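Visitor: Numbering (this note's numbering), first residue to last: 1 to 139.
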Ligand code: DQA
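Laid out in structure tokens, this is it:
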């Protein structure tokens with residue numbers, strides 16, 4: 001069974017109550033329970049941190065043994081050379097995910113330190129962006 005992990009960055013622990021007009025009204029925990037049932041042929045873990053170094057630690061920890069990382073680095077996407085370098089350093093493929101269409105938003109969200117080192121990028125499909133990213137590991 002393929003081993004995947006969803007890693008969420010800062011403020012994504014507030015999904016459900018954070019700017020629902022942009023991010024929806026479902027908590028990630030509720031969504032994740034449904035996701036595990038839907039993709040029960042994958043072993044899917046979930047990790048969230050608001051702290052840049054903790055995200056890097058987790059990427060390093062799983063990045064040589066897991067089959068895939070689905071990463072929503074949230075605001076760190078646009079600022080973190082360190083997370084970008086961590087993705088370059090590991091062997092596990094990373095799919096970058098965003099709930100919102102970052103290109104339809106402020107200009108500072110158009111820059112990503114993740115994309116150049118990601119296997120692919122999925123954004124703008126609401127929570128379904130995570131579904132689509134997981135589907136990419138079926139093949
Ligand atoms: C986000 C987009 C980022 O620009 C923002 O900072 C987030 C969430 C998204 O999933 O749409 O926190 O990554």
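Note that beta-carbon positions come from the ideal geometry of N, C-alpha and C, so glycine has one too.
Keep in mind the model is a prediction, meaning the values are calculated, not measured.
(1) Work out the CA separation of residue 129 and residue 26 for me, nearest whole Å.
(2) So, residue 111 versus residue 86, is the Cβ gap smaller than 8 Å?
(3) Does any heavy atom of the ligand DQA sit closer than 7 Å to the C-beta of residue 43?
(4) What do you get for residue 8, buried or exposed, if any count of 16 or more other CB atoms within 10 angstroms of its CB means buried?
(5) Can you give me the start and stop residues for the alpha helix (DSSP H) that residue 36 sits inside?
(6) Looking only at C-alpha atoms, which of 116, 16, 90 and 103 sits nearest to residue 57?
(7) Mind checking residue 72: buried by the 16 CB within 10 Å criterion, or exposed?
(8) With a cut-off of 8 Å on the beta carbons, I'd call residue 137 and residue 2 a contact; round off their distance for me.
(9) Is the CB-CB distance between residue 108 and residue 81 below 8 Å?
(10) Quick one: is residue 62 buried, meaning 16 or more other Cβ sit within 10 Å of its Cβ, or exposed?
Guide: Short version:
(1) 14 Å
(2) no
(3) no
(4) buried
(5) 28 to 38
(6) 90
(7) buried
(8) 6 Å
(9) no
(10) buried
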